[in-house]
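Heads up, the sequence shown is in the numbering used here, so the first residue is 10 and it goes up one at a time. Positions of the beta carbon are idealized from the N, C-alpha and C atoms, including for glycine. Inspection log for the structure reproduced underneath, given as structure tokens.
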Amino acid sequence: MTTARRWCLVAVAATLLVVVPLVVSARPVADPSLDAQQLLARIRAADNIAYAGYVEAHGNLPLPTTDEFNSVANLFGGSSRLRVWWESDDAWRVDRLSASGETDLFHSGSRTTTWDYERLRATSTLDALVFLPRAVELLPPRLAELVLTDLRTDELSRLPAIRVAGRQAPGLRLTPSVPQSSIDNIDIWADADSGLPLRVRIVGDGDDSPPIDTSFAELTLGQPSTQALTFDPPAGSRPSSSGLGSDSLLGHIPAVARAPQLAGLPAIGSSPPGLFTRYGRGVSQFLVLGLDDDVAGPLRSQLASATGVVVNDDGSALAAGPLHLHLSPHRHFEPSWLLVGTVDGLTLRRAARQIDQLRGTAAGGAGS
């Protein structure tokens, strides 16, 4: 074969490498004849599917940064490339990749090991009842599972199919009916064959762009290898182990905060004693957390300088896309109340005022 012909073949091969993916992605997408309820059932039936792949996640939430919450602000305030191996809820691995290295999460049973490549540090913790969001929460199947709970049938509608990671993906739209909700809609596209969620996009009320959009770029269905799921500490690493994770940041919430409803929204379930209380329904809910001064103080200082914060006698309030936050003012010898969730700011302010009233009533009764 002549040199000219060799270069010709190379040119053709290079062209195919570029053109074929474009043709595949542009190919018309057949839309299976599923209604919204049938697609929901298929998605829910996919919760035991094992898989591996790459996820591109984009966050647009301008969250405040403190020592405790900096990881959350970085995770939901920018783009992340995630590599995942998923066997089950009890066995998975998620690597968050960056230009300078990676941070890996290995989960087995009730324990998660965090491997920080840049610091050569491995930290193993027991799973907490209350924890800060991690990279695993941005996986489309995980996020879809979180948002598709406690919904009503009239909140669902179908979306046209698209192609995600080379797969046909019919769409489902969730439009919350709770009046206080700060979420406009949540769109989910799932694999037509397996039902596995491939892309999730959350749109806040009045948002110009989705504050969260996470999607598979590559996907392989099937059992990941045991080697991929097992953490093997490299030479020179610094392993450490602790009890509970991020819930140790939280103070204790007195019983007075456990009202059957706040701001017109009912309490959800039975929260563990002394940790948190949830109010609302489905994706439209908020948490009430008690914070000690070591956590509340730095957060309050950061909020004071944040763009768009409102500070008054009720406390500090901030909106980051559909996520709203309200922190009560500092009071000596009392916990601070952090209210955070996907309801509007007025709802959080009303709830904070009700907590103050209930606390005052309880204090008056205790003193009599």
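Exercise. Give me whichever residues DSSP pairs with Q294 in a beta bridge.
Key: Within the sequence shown, residue 294 is the residue found at index 285, counting from 1. In the DSSP output, where bridge partners are listed per residue, Q294 has G289.
Quiz item: What residue range is occupied by the uninterrupted beta strand (DSSP E) comprising Q177?
Solution: Along the sequence shown, one-based indexing puts residue 177 at 168. Q177 -> beta strand (DSSP E) spans 176 to 183.
Quiz item: Taking Y378 as the reference, which of L135, L148, A50 has the closest Cα?
Solution: One cannot answer for residue 378 here, as it falls past the ends of the chain, which runs 10 to 377.
Quiz item: Helix or strand or just coil, what does DSSP make of R232?
Solution: Along the sequence shown, one-based indexing puts residue 232 at 223. In the sequence as presented, Arg is not what sits at residue 232; that position holds Gln. Coil.
Quiz prompt | Selection from E96, A326, E65, P206 that minimises the alpha carbon distance to A237 | solution = Position 228 of the sequence shown holds residue 237. Checking every option, the nearest Cα to that of A237 belongs to E96.
Quiz prompt | CA-to-CA distance, L357 to S293, given in whole angstroms | solution = Residue numbering aside, residue 293 sits at position 284 when the sequence shown is read from its first letter. Residue numbering aside, residue 357 sits at position 348 when the sequence shown is read from its first letter. S293 and L357 have their alpha carbons spaced roughly 12 Å apart.
Self-check item: 8 Å CB neighbourhood of L43 in its chain, flanking five on each side removed
Solution: Taking the first residue of the sequence shown as position 1, residue 43 is located at position 34. Exclusion of the five residues before and after L43 leaves R51, R167, P179 as the residues of its chain whose Cβ lies within less than 8 Å of its Cβ.
Exercise. Answer yes or no: do L332 and L48 have a C-beta to C-beta separation smaller than 8 Å?
Key: Translated into positions along the sequence shown, residue 332 becomes position 323. Translated into positions along the sequence shown, residue 48 becomes position 39. No, they are not a contact pair.
Self-check item: Minimum C-alpha distance to G87 - residue among H341, T223, R368, R340
Solution: In the sequence shown, residue 87 corresponds to position 78, counting from 1. Closest by C-alpha distance to G87, out of H341, T223, R368, R340, is T223.
Self-check item: Range covered by the alpha helix (DSSP H) that runs through A131
Solution: The residue given as residue 131 occupies position 122 in the sequence shown. Annotation: A131 is outside any alpha helix (DSSP H); the continuous beta strand (DSSP E) that includes it extends over 130 to 135.
Quiz prompt | DSSP three-state assignment for Q47, whether helix, strand or coil | solution = Taking the sequence shown and counting its residues from 1, one reaches residue 47 at position 38. DSSP places Q47 within a helical segment (H, G or I) once states are collapsed to three.
Practice problem: Compare the C-alpha of L308 against each of H335, L157, S107 and name the closest. | Solution: Mapped onto the sequence shown, residue 308 falls at position 299. With distances taken between Cα atoms, L308 lies closest to H335.
Quiz item: Quick one: Cα of A360 to Cα of L271, how far?
Solution: Here residue 360 refers to the residue found at position 351 when the sequence shown is read from its first residue. Here residue 271 refers to the residue found at position 262 when the sequence shown is read from its first residue. Rounded to the nearest angstrom, the two C-alpha atoms are 5 Å apart.
Self-check item: Straight-line Cα distance separating D302 from S133
Solution: Start at 1 with the first residue of the sequence shown, and residue 133 comes out as number 124. Start at 1 with the first residue of the sequence shown, and residue 302 comes out as number 293. If I take the Cα positions, the gap works out to 26 Å.
Quiz prompt | Candidates L155, A329, G299: closest to E343 by CA position | solution = Against the sequence shown, residue 343 aligns to sequence position 334. Of the candidates L155, A329, G299, the one whose C-alpha sits nearest the C-alpha of E343 is G299.
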